[in-house]
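Asks: Structure incoming, see below.
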Amino acid sequence: MNLASKILAASVAFSLSLFAPVVPAVAQDESDLDQAASSPYSAEVQIEEESSTYEEEPNSSSSLSGEGSLDAPGSSNELDATDGEASNESYTLAETTESSEEVPSYNKADFYEEDDESAVMMSSDSQRAASISPMYLSDEMKYFAKYESSCNYDQGFSWGDGYHALGYYQFDHRYGLRDFLLACYAYDSATYLMFGQFASVSSADFRDENAIRKNGEFTDLGNKLNAAWHAAYAANPSEFAALQDGWAYVNYYLPAEDYLASRGIDISNRADCVKGLCWGMSNLFGTGGWRKFVGGWTNGYDWNGVWQSSYNWPGCGLNNSMTDREFVTTLCNYVVDNVAVFYKAQPQYHAGWQNRYRNELKDCLSMLKEDGWVRAGSEWKYAEEGVYVTNDWRSIGGAWYWFGSSGNAARSTFAQVDGLWYYFDDSCAMVTGWVSDAGHWYYMNGSGVMQSGWASIDGHWYFLNPEHDGYFGAMATGWLLEGGEWYWLANDGAMRNGWEYIDGKWYWFDRSGVMAKGIVQVGSDVYWLSDTSGAMQTGWLAIQGKWHYFTESGRMATGWVSVGGAWYLLDDEGSMLTGWQLEGDTWYYFAGSGAMQSGWNFINGDWYFLNTKHDGFFGAMLTGWQKDGGLWYFLNESGIMRSGWIFVDGSWYLLNDKADGSCGAMLTGWQLVDGKWYYMRASGVMERNCWIGDYYVANDGSMAVDTWIDGYYVDGSGKWVPGKTR
């Protein structure tokens, strides 16, 4: 915020009034300055040594007596003497009392003519934020304002210092006041109606040196501005204060933060007093001076007072690894040691500036804790009795922390301590349990130590990489070959046992997680797992010379099983059976392939007929009379097909015994057997003791020939000869 004139004069007045007794000591030769800058904490030590010489606190209103004395901040001649209380009457001009003489002020051009952009920070309307919103800044961040104003949001115009500015941050009519007023009006035109009138005043007229005060008196514009300011504060004190905070933060603090960021220095997460120090310094010295202290410069007077047109001045050397205490100490010491060199042309301000930054250092250090957590850029340290903990553990607030050799707490990283690995989260606390890092999971036990190898966690087994290959401790997933055995670890890393379906195949893992191979029994069932891959197999498998069948579910079959359209019978051990097998009361025959047979089968020199009907007894060995292909056959109780003469149920039957394709078929009608004729009924039963037409069959069933039968004669062909008598 460019309050340069107001800031500098107020700073000088305040500094001189407070620290006059020590000015001579400060302004001594350059060797004293060199000594003061010799250590990052030299100023801190100096403050402690000199504190007894300071008789006034920073907020003191005492002034240096004698000619040319300057009022301390907060005691300057202010148009409305409310000093913190808003006037209840809008647009009312209070009585004023002018000082007997104007206090000499410096020209802002003295400081900004050397800026890189040759302009006051944020002085351009096009640069300034167009909108405004309320903010509530901490007192710690605003601490620097006590060196520049009375810290009064209702502060009216003062004239003793010649700066014509309003409010807590002393918005100067020559630089930012008009923009602020119009931004408030745009934010809430009802509450801040009083500011609308200034839109008609041009920026040029507003910035004119005589716009506010001329010939020892306030102008009409000056009176209106002062009255409007008090009226706005009275309308809504809290909000109007917050609008001043918001405007100052965006337009004056953030540019300072951004410049530091452009130099690679991040203060966004530092303590508020660090931000306030940088803010106030950029206000006081403008962009050019501010950058000299922070980033260095390339031309100016050297220590001997000789102008150098191309000079490489390094700057104070701020960096992100500094703690907040180191940061403010380095910056304040650098200003104290170099301000007289940088600003040779303004010797009247040197002592005041030096005293101010000695005092600001004291302010900041008092706000920054000496012990406990200390932020150093993006790092954290922990101090005990002013000394950072290094290479050691600390239990703080119920959590464990490790501080390395630099004093930085391990943060969002793995750290190896005494050969063991630990993980620390974003808060720097040691982590126990599972940790995800770069796509891998790690497990830290109750002591925080990273585990490796097999680990039992919450009832599950996990395998954590024991190899130092860049992924030590990483949780394994998928297939794992360990100790010559295969294991399966699911996506969550947990070791699996039992059945697992992996890439389209089933595998069995025992209770220890080992993948099984070969023949395994699971419960009451037996399965066949590949001897090489462990994948569950199906189909036929010869085990010790015996065939076994494994179904689609992998289970080894027993009993009856249909495979490829054929039936097989497997014993209780799952072995395939062949030959004759008795199931219940029924015999079945299985070929050498194990397939159950049906129909006619020639077995060991005999024919058998096995059921061809799907009546629940398909393949069963048949006995007794069986009809096949329109012919009747007889199978004895052993299932053997008979041929020739058979006596069944009191009757004789003749079964074909010729190898003419119908062997065993029951014969009917006249049949010649061994030179004799026999007659078989349609049922196959041999006739006997009866006439068959003109033929007679005897008791043995043979046809009678050339003999008398009951007075009838049959000739040699067996035919009855009618009319022939004895």
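Numbered per mature numbering (1 follows the signal peptide of the UniProt record, and there is no 0), the sequence shown spans residues -20 to -1, 1 to 706.
For glycine and all other residues, C-beta sits at the position ideal for the given N, C-alpha and C.
1. Exposed or buried, what is SER106 when buried is set at 16 or more other beta-carbons lying within 10 Å of its beta-carbon?
2. By alpha-carbon positions, which one of ALA678, ASP188, SER631 ends up nearest to GLY664?
3. For ALA179, which residues from the same chain have a beta carbon less than 8 Å from its beta carbon, with the 5 sequence-adjacent residues on both sides left out?
4. In its own chain, which residues sit with a C-beta less than 7 Å from the C-beta of GLU364, not counting the 5 before and 5 after it?
5. Measure from the alpha carbon of ASN669 to the alpha carbon of each residue in ARG661, ALA678, ALA662, then state which is nearest.
6. Find the nearest neighbour of HIS594 within the set TRP547, TRP527, SER623, ASP552, judged by alpha-carbon distance.
7. According to the neighbour-count rule (16 or more other Cβ atoms, all chains shown, within 10 Å of its Cβ), is SER555 buried or exposed?
8. What residues in its chain sit with their C-beta under 7 Å from that of VAL502, if we drop five residues either side in the sequence?
9. Taking one C-beta from the segment 200 to 218 and one from the segment 141 to 161 each time, how about it: are there three or more such pairs within less than 8 Å?
10. So, do the segment 377 to 389 and the segment 322 to 336 have three or more beta carbon pairs nearer to each other than 8 Å?
11. Taking its Cβ as the centre, do 16 or more other Cβ atoms sit within 10 Å of ARG193, making it buried, or is it exposed?
12. Among residues of its own chain, excluding the 5 on either side of GLY534, which ones have a beta-carbon nearer than 8 Å to its beta-carbon?
13. Measure the C-alpha to C-alpha separation of TYR692 and ASP608 and round it to an integer number of angstroms.
14. Of the choices ASP417, SER416, ALA418, ASP438, whose alpha-carbon is the least far from that of GLY426?
15. Between VAL254 and PHE307, is the Cβ-Cβ spacing less than 8 Å?
16. Let me make sure I understand the geometry here. Which of TRP688, ASP674, MET660, THR687 has the alpha-carbon closest to that of GLY681?
17. Which first and last residues belong to the alpha helix (DSSP H) in which ALA522 is found?
18. To the nearest angstrom, how far is the alpha carbon of VAL319 from that of THR393?
19. In terms of DSSP beta bridges, what is TYR569 paired with?
20. Candidates VAL653, TRP657, VAL701: which alpha carbon is nearest ASP674's?
21. I'd like to know whether the C-beta of PHE597 is nearer than 8 Å to at least one C-beta of chain B.
22. Contact defined as beta carbons within less than 8 Å: I believe LEU590 pairs with PHE570. What is the distance between those atoms, to the nearest angstrom?
23. Do the segment 256 to 268 and the segment 231 to 241 meet, that is, are 3 or more Cβ pairs less than 8 Å apart?
24. Quick one: what's PHE394 bridged to in DSSP?
25. With DSSP as the reference, identify every bridge partner of ILE437, one or two as the case may be.
26. Please check the pair LEU341 and THR303, which I expect to be a contact at CB under 8 Å, by giving their CB distance rounded to whole angstroms.
27. Between ALA522 and PHE530, which are expected to be in contact by the criterion C-beta below 8 Å, what is the C-beta distance as a whole number of angstroms?
28. Near PRO294, which residues of its chain fall below 8 Å by C-beta distance, leaving aside the five closest residues on each side in sequence?
29. Suppose you measure from the CA of GLY473 to the CA of ASP417; what does that come to, to the nearest Å?
30. Since ALA222 contacts TYR149 with CB under 8 Å, what's their CB separation in whole angstroms?
31. Since ASN581 is in the beta strand (DSSP E), which residue starts that stretch and which ends it?
32. With DSSP collapsed to three states, give me the class of HIS330.
33. Rounded to whole angstroms, how far is the Cβ of MET475 from the Cβ of HIS440, which I believe are closer than 8 Å?
34. Round the Cβ separation of TRP612 and ALA645 to the nearest angstrom and send it over; I've been treating them as touching at under 8 Å.
35. Check each candidate in TYR588, LEU461, TYR133 and name the one with the smallest Cα separation from TYR213.
36. Taking just the CA atoms, how far does ILE245 sit from GLN177?
Replies: A quick look at the data gives this:
1. Residue placement at SER106 is poorly supported in this model, since its pLDDT is 41, which falls under 50; the coordinates still yield a value, given next. SER106 is exposed by the Cβ-count criterion.
2. SER631
3. LEU162, TYR165
4. ASP351
5. ALA678
6. TRP547
7. buried
8. TRP488
9. Under the 8 Å Cβ criterion, the segment 200 to 218 counts as touching the segment 141 to 161, having at least three qualifying pairs.
10. no
11. With a 10 Å radius around the Cβ and a threshold of 16 neighbouring Cβ atoms, ARG193 comes out buried.
12. TRP486, TYR507, TRP508, MET516, GLN517, THR518
13. 42 Å
14. Comparing Cα positions, the closest option is ASP438.
15. In this structure, VAL254 places its C-beta atom within 8 Å of the C-beta atom of PHE307.
16. MET660
17. Here ALA522 belongs to no alpha helix (DSSP H); instead the beta strand (DSSP E) covers 519 to 523.
18. 42 Å
19. TRP560
20. Comparing Cα-Cα distances from ASP674 to each of VAL653, TRP657, VAL701, the minimum goes to VAL701.
21. Of the protein chains in this structure there is only one, and it is not chain B.
22. Actually they do not touch by this definition, with Cβ atoms about 10 Å apart.
23. yes
24. TYR403
25. DSSP output for ILE437 lists HIS440 as bridge partner(s).
26. Actually they are not in contact, since the Cβ atoms of LEU341 and THR303 sit about 14 Å apart, beyond 8 Å.
27. Not a contact, Cβ separation roughly 12 Å.
28. GLY276
29. 15 Å
30. No, ALA222 and TYR149 are not in contact; Cβ-Cβ is about 12 Å, not under 8 Å.
31. 579 to 583
32. Helix, per DSSP.
33. 7 Å
34. 7 Å
35. TYR133
36. 42 Å
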